[in-house]
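Here the structure is laid out as structure tokens; the discussion comes afterwards.
In our numbering, the protein residues as written are 238 to 495.
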């Protein structure tokens, strides 16, 4: 016989697992997904907050601590084939001699790998992984800001990073995101990362969003921009409703890789 306490424990354990993927879940979404009242969802969140596992934020909940590095490392191989196709498609958009900003993350690393057949590129990135890949291009110029290196993804940050990026002009800014919610808002989970990418977008003639389908419908903590602020989306599959309608209304070019 399953007791009320057992159901509560299972529900809270499942919620924590979902937060490792979605990063943020609203109280209404918790109630809907677990078929409970909003009051029950709020009590679950309060219990987990008391245990130090979650933090309440803007009508919902997020993990109190960053996702375990082992989880992040596992994501490095998530959708690897799709990301390689996206990388090759984005690279095909970039002429030799271009000035680029390239974001951090595994999808942008795939873009960097695909760019190695180019010539004369001038690149600014705050990702040491991207910079290391691009260093294989013997006639590339690669600029990286100074600062502290974030574990796992090797992003480099300091307070002056957005100012550093703002000194450059880009033909293309290649960006990725942690999630795109159903309102078409793109976001990441780190305020410093969002500020750096926003600075690059302001300095770019053209913004390319490289994103795989796992990011559709996922809400991140910090808003970066809207799909309408992007010139082209390169992805491995067309987005589901209502994102497909929002892309069409924004007249953003949508390219499905492969």
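Where is the CB? At the ideal position from N, CA and C, for every residue including glycine.
Residue 474 and residue 481 closer than 8 angstroms at C-beta: no
Supposed close pair residue 256, residue 291 - CB separation, criterion 8 angstroms: 7 angstroms
Residue 238 versus residue 247 - alpha carbon distance: Bear in mind that the predicted position of residue 238 carries a pLDDT of just 46, short of 50, making it unreliable; the figure below should be weighed with that in mind. Between residue 238 and residue 247, the C-alpha separation is close to 14 angstroms.
Element boundaries [alpha helix (DSSP H), containing residue 262]: Looking at the DSSP string, residue 262 is not in any alpha helix (DSSP H); the run it does join, the beta strand (DSSP E), is 261-263.
Sheet register partners of residue 390 (DSSP bridge): Residue 390 is not bridged to any residue.
Whole-Å CB distance - residue 244 paired with residue 336, under 8 angstroms assumed: About 56 angstroms separates the two Cβ atoms, so there is no contact after all.
Contact belief for residue 390 with residue 344 at Cβ below 8 angstroms, rounded distance in angstroms: Not confirmed; about 12 angstroms, so no contact.
Where the beta strand (DSSP E) through residue 454 begins and ends: Per DSSP, residue 454 belongs to no beta strand (DSSP E) and is neither H nor E.
Residue from 270, 431, 380, 489 whose Cα sits closest to the Cα of residue 412: 431
Span separating the alpha-carbon of residue 492 from that of residue 422: 19 angstroms
Residue 453 versus residue 253: straight-line alpha-carbon distance, rounded: 20 angstroms
CA nearest to the CA of residue 465, picked from 424, 450, 486: 486
Residue 364, DSSP secondary structure in three states: strand
Euclidean distance between Cα positions of residue 445 and residue 385: 27 angstroms
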